[in-house]
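J.:
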Amino acid sequence: MIGVTTGCRLGTLQDQKFNALSLSIRGEAMEQSRGLQIFGLRNPEVATLMRRALEAESRGDFQRALTVLNEAQLIEPKAPDILQQKAEVSIELGHWNRAKTYVEQSIELGPRLGHLCQRNWRALAIVLRQMEEYPKADKAAARVPLCVRDHPARF
Numbered sequence: 000m001i002g003v004t005t006g007c008r009l010g011t012l013q014d015q016k017f018n019a020l021s022l023s024i025r026g027e028a029m030e031q032s033r034g035l036q037i038f039g040l041r042n043p044e045v046a047t048l049m050r051r052a053l054e055a056e057s058r059g060d061f062q063r064a065l066t067v068l069n070e071a072q073l074i075e076p077k078a079p080d081i082l083q084q085k086a087e088v089s090i091e092l093g094h095w096n097r098a099k100t101y102v103e104q105s106i107e108l109g110p111r112l113g114h115l116c117q118r119n120w121r122a123l124a125i126v127l128r129q130m131e132e133y134p135k136a137d138k139a140a141a142r143v144p145l146c147v148r149d150h151p152a153r154f
């Protein structure tokens with residue numbers, strides 16, 4: 000039984016309910032309201048597809064979620080948030096190598112600050128722990144707090 004941690008104890012995979020890993024990756028980052036956030040412009044069709052993918056995930060239909068995310072990626076092939084969501088769905092499916100590839104691509108293309116940055120490094124830490132690459136997982140987990148920067152002072 001392998002324990003999963005990313006700066007906080009998530010428990011073992013056998014203890015997790017479906018979608019729990021994705022929610023732990025997203026939830027902590029979304030709760031982080033302080034600090035600078037970076038958001039790109041979004042095609043409305045892609046936004047709709049991403050919402051549909053989240054709905055499929057919430058039903059536990061991860062294959063459908065991947066299909067919808069692939070459609071979104073055809074429209075915006077280099078969107079780091081699509082790649083990150085694909086990584087999170089792949090984590091739920093236990094497709095560790097695929098998840099690692101997606102999250103690494105998202106890190107390469109995405110912002111170095113904000114929620115997406117935090118999600119990237121949390122996801123990578125989880126994947127690396129599952130692949131038993133513990134020192135790399137610890138380094139990835141240590142990157143999470145570096146994604147938070149305070150808002151610039153206003154005069």
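Numbering (numbering that gives the first Met the number 0), first residue to last: 0 to 154.
Backbone N, C-alpha and C define an ideal beta-carbon position, used for all residues, glycine too.
Determine the contact status of L92 and Q72, defining contact as a CB-CB distance below 9 Å.
T.: No; because the gap between Cβ atoms is not below 9 Å, this pair is not in contact.
J.: I'd like the list of long-range same chain contacts for Q31, defined as Cβ closer than 7 Å, with 5 residues on each side in sequence excluded.
T.: Confidence at Q31 is low in this model, with a pLDDT of 48, below 50, so the placement of that residue should be treated as unreliable; the coordinate-derived value is given next. Taken in chain order, the residues that qualify are H114, Q117, V147.
J.: R128 and A122 look like a contact to me (Cβ under 8 Å); what is the Cβ gap, rounded to whole Å?
T.: In fact, because the Cβ distance is near 11 Å, the residues do not count as touching under 8 Å.
J.: Exposed or buried, which one is E54 when buried takes at least 16 other CB atoms within 10 Å?
T.: Classification of E54: exposed, given that the 10 Å Cβ count is below 16.
J.: Would you decide whether S21 is buried or exposed? Buried here means 16 or more other CB atoms lie within 10 Å of its CB.
T.: With 16 or more Cβ atoms within 10 Å of its Cβ, S21 is classed as buried.
J.: Where C19 and H94 are concerned, what is the direct C-alpha to C-alpha distance, given to the nearest angstrom?
T.: One point to set straight first is that residue 19 is Ala, not Cys, in the sequence displayed. Using only the alpha carbons, I get a separation of about 15 Å.
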